[in-house]
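Colleague:
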Amino acid sequence: MQLYCDSLTEYKRLATREVRIGDLLLGNFNPIRVQTMTTTDTMDTIGTVEQSIRCIEAGAELVRITAPSKKEAENLLVIKNELHKRGYKTPLVADIHFTPNAAEIAARIIEKVRVNPGNYVDKKKFEQIDYTDAEYAEEIDRIRERFTPLVKICKEYGTAMRIGTNHGSLSDRIMSRYGDTPMGMVESAMEFLRIARNESYHNIVLSMKASNPQVMVQAYRLLVNVMMDEFGECYPLHLGVTEAGDGEDGRIKSAIGIGSLLEDGLGDTIRVSLTEDPEFEIPVCRDLVKRYTNRQSAIDNSQWTIPALTKIPYSPFEYTRRNTNTVSNIGGKQVPVVIADFMKGETIRHEDLQSIGYTYNTETDKFTIADAAADFIYTAKKQLGFALPGTLKVICDHATWLQVTDKEKYYPLFQSTEYLKSTDHSGILNFVAADVNDPASQELLQAIRKDRTVVLCLYSSHPHAMPSVRRYISDLVNQGIACPVILAVESNDTTIDEQLIHFSTDSGALLLDGMGDGIWLMNEPEKIQNQKVSGRTYLETKNNHQFINNTSFSILQATRTRISKTEYISCPSCGRTLFDLQETTAKIRSVTHHLKGVKIAIMGCIVNGPGEMADADFGYVGSGVGKITLYKGKEIVKRNVDSAIAVEELINLLKENNAWVEK
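Numbering (the working numbering) for the sequence shown: 134 to 796.
(1) Classify aspartate 274 as buried or exposed, calling it buried when 16 or more other Cβ atoms lie within 10 Å of its own Cβ.
(2) Just how far apart, CA to CA, sit lysine 466 and serine 723?
(3) Using only the alpha-carbon positions, how far apart do threonine 670 and tryptophan 653 sit?
(4) I need the straight-line Cα distance from glycine 752 to glutamate 781, nearest angstrom please.
(5) Which ranges does the alpha helix (DSSP H) cover as unbroken runs of at least 4 residues, wholly within the region 564 to 641, from first to last along the chain?
(6) Leaving out five residues before and five after threonine 443 in sequence, what residues of the same chain have Cβ atoms less than 6 Å from its Cβ?
(7) Could you give the first and the last residue of the continuous beta strand (DSSP E) run that contains methionine 308?
(8) Are leucine 643 and leucine 609 closer than 7 Å when you measure CB to CB?
(9) Buried or exposed for glutamate 673, going by 16 or more other Cβ atoms inside 10 Å?
(10) Whole angstroms are fine: how far does the CA of tyrosine 221 sit from the CA of glycine 649?
(11) Using C-beta distances below 7 Å, list every residue in its chain close to alanine 615, excluding the 5 sequence neighbours before and after it, in chain order.
(12) Can you look up lysine 145 in the DSSP assignment and give me helix, strand or coil?
(13) Less than 7 Å between the beta carbons of lysine 526 and lysine 515, yes or no?
(14) Between the beta-carbon of valine 405 and the beta-carbon of lysine 386, is there less than 7 Å?
(15) Return the Cβ separation of isoleucine 634 and aspartate 420 in integer angstroms, given the expectation that the two are a contact with Cβ distance under 8 Å.
(16) DSSP puts cysteine 529 in a beta bridge; with which residues?
(17) Mind checking who glutamine 168 pairs with in its DSSP beta bridge?
(18) Could you pull the start and end residues of the alpha helix (DSSP H) that methionine 361 belongs to?
(19) Got a sec, what are the start and stop residues for the beta strand (DSSP E) alanine 473 sits in?
(20) Out of curiosity, what's the CA-to-CA distance linking phenylalanine 500 and threonine 512?
(21) Entirely within the region 446 to 495 and at least 3 residues each: give me those beta strand (DSSP E) ranges in chain order.
(22) In whole angstroms, what is the alpha-carbon distance linking tyrosine 592 and serine 601?
(23) Quick check: what's the CA-CA separation for valine 152 versus tyrosine 253?
(24) Can at least three beta-carbon pairs, one atom from the region 184 to 192 and one from the region 406 to 419, be found at a separation below 8 Å?
(25) Over the uninterrupted alpha helix (DSSP H) stretch that includes lysine 203, give me the two end residues.
(26) Check the DSSP bridge columns for tryptophan 653 and list the partner residues they point to.
(27) Pull up the distance between the alpha-carbon of valine 248 and that of glycine 392, whole angstroms please.
(28) In terms of residues, what are the limits of the beta strand (DSSP E) holding phenylalanine 500?
(29) Taking 7 Å as the cut-off, decide whether the C-beta atoms of alanine 242 and leucine 209 are in contact.
(30) Measuring alpha carbon to alpha carbon, tell me which of Pro658, Asp255, Tyr334 ends up nearest proline 282.
(31) Measure how close the beta-carbons of phenylalanine 564 and leucine 546 come, nearest whole angstrom, since I'm counting them as under 8 Å.
(32) Is it right to say valine 196 is buried, meaning 16 or more other beta carbons lie within 10 angstroms of its own, or is it exposed?
(33) For leucine 159, which of Asp177, His371, Ala719 has the nearest alpha-carbon?
(34) Assuming isoleucine 315 and phenylalanine 450 make a contact with CB atoms under 8 Å, what is their CB distance in whole Å?
(35) Measure the CB-CB distance between valine 622 and aspartate 646 and report whether it falls below 7 Å.
(36) To the nearest angstrom, how far is it from the Cα of glutamate 319 to the Cα of glutamate 237?
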């Protein structure tokens, strides 16, 4: 095993224990299962049943239902019986947080229970306590005493269990010893897993969820590493990015986190947590999973084999950006750049640049530049007939570049063989496109070794594209070649969701590992179906250049490599939610979307409150029917605000903390 998976270059599913959930088998190379969670009140039996049926008919193989207290846990039997009466036998999962007695009831009724080790026994007070080893051991004994009864019930009734760690709800004990880290997440789960193993109970699935894909991916990798080291085996993994949000951002963030792990063969079941109706999560799950359904056969039919990576030149458990030369505004310590692809346009006008962040004012003859404005525009064989905004530069084909007079604004793009043969290079910046699988790309490495003007634009024609690019960049590091790298990804998928997943996985996985100094996304706009995303017809609201530009900046934002807009950490709603999350999220987004770099959490209840929003600057949390509590970080600032005025109070809180600017 290479640290956390069988191979960083071959596609191999991670071998895990087989877990039975009712009649469903999970792990041990069974198909990757897709699931979701209801948003109805669990005491609304018919509402929960009917929403469950919509999810099942959309393709959900497991349906999770919240059980915050004993009465909801008991009502799971009524819900299960009604589903069976209607002919639906899909396994149900009880979602448990602070109530062990509810878990013990549910475990006797339905097929699986989910417990969060951060708040199953512990009550989080955000206190820093220095534990001696003896005191820490006493805490573990306390957990064992409280958790073991549930383990025994699950073992007796054949009930499966998910030990689901959340980044934001680690106990004070874990936080005191490990901090708010991926390793703390792993140890939180391992404490409970060891107790279960001591009872010879193994019908267990594990998850390491976070709203930050970087933390989430590192935690899952560490978990596999620790399980293999301690047990010599792995339990099945449930993958998910918690509080991913809605619309394109929710899909992008989920695809980066889940897709990065699926690429390396990790993951036995997935859930995409969107602030949308739960049945809308399932198609996104299915689009993610189907990328890997025929991956191996496509690899077998490929003309190229990705060489094994024998020396891993980076740590997959912590983020460190690859050291590169600074070439113009690319590489070094500068944020990754975005390239807008205008290759197919016959002409390019002033107004065309608005879709990539540059708005032209005819009266002043000047451009207004947005925070999410592309850094380069690729024109292929075209020259522009107007003066460019100050920050925008042009990439064109080498033959076209030879004809331009403004070589301070225009830079050439070479194909790898073209660069090797040509002597007419820019003295400032040369882009070189290379398919990492092409034998000529290896010859290219030696040619660019000493050329400090080269920026590589890497792409892969291999079916297992991301690992092949990762392999090539690892070669650059191992050979001491420090040229910056643009991640070039082309999608020929026919739906918006499929393209978002493709772009996010193939570029986002590399960015999470510190690889990539820019992003260049390409597609076939005429192939995209007119698809609805978050209830609106996507192509009615954005043209293709705007879609690609927004996607590029959203991927950089989700990987925390370039911040260009407000970030929303929004939970997907459930039966505990105390207000309309979708409507409220949209309302808050409409008045705060211009606050670059501010992170706002929108949480339906205290379970997904101060703990889960660990990453946020400000929080808007349901604390009762029609009541909202506002947070700065994890500190309560305003308690039980009337929901009718809560958004205005949030704006006042932002102003009081100098986080507000006028639009």
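Just so it is clear, CB atoms sit at the ideal spot from N, CA and C, and this is done for glycine as well.
Modeller: Quick look at the numbers:
(1) exposed
(2) 33 Å
(3) Residue placement at threonine 670 cannot be trusted, given a pLDDT of 43 that sits under 50; what the coordinates show is reported in the next sentence. Approximately 25 Å, taken between the alpha carbons.
(4) Taking the straight line joining both Cα atoms gives about 13 Å.
(5) 572 to 581, 598 to 611
(6) The answer is none, since no qualifying residue turns up.
(7) Annotation: methionine 308 is outside any beta strand (DSSP E); the continuous alpha helix (DSSP H) that includes it extends over 305 to 311.
(8) no
(9) Bear in mind that the predicted position of glutamate 673 carries a pLDDT of just 47, short of 50, making it too unreliable to give a figure here.
(10) Approximately 47 Å between the Cα atoms of the pair.
(11) Asn456, Thr457, Asn458
(12) coil
(13) no
(14) no
(15) With a Cβ gap of about 5 Å, isoleucine 634 and aspartate 420 count as contacting.
(16) Ala513, Pro545
(17) Leu195
(18) 346 to 364
(19) 470 to 474
(20) 19 Å
(21) 470 to 474, 491 to 494
(22) Tyrosine 592 and serine 601: Cα-Cα distance of roughly 9 Å.
(23) 22 Å
(24) yes
(25) 203 to 218
(26) DSSP, once it has assigned bridges, lists Ile472, Ala621 as partnering tryptophan 653.
(27) 24 Å
(28) 499 to 502
(29) Per the sequence presented here, residue 242 reads as isoleucine, with alanine not at that position. Going by C-beta atoms, isoleucine 242 is nearer than 7 Å to leucine 209.
(30) Taking only the C-alpha atoms, the option nearest proline 282 is Tyr334.
(31) 4 Å
(32) buried
(33) His371
(34) The amino acid at residue 315 is misidentified as isoleucine; the sequence shows proline. The pair is a contact, with the Cβ atoms about 7 Å apart (cut-off 8 Å).
(35) no
(36) It should be pointed out that residue 319 corresponds to valine in this sequence rather than to glutamate. If you take the alpha carbons of valine 319 and glutamate 237, they lie about 24 Å apart.
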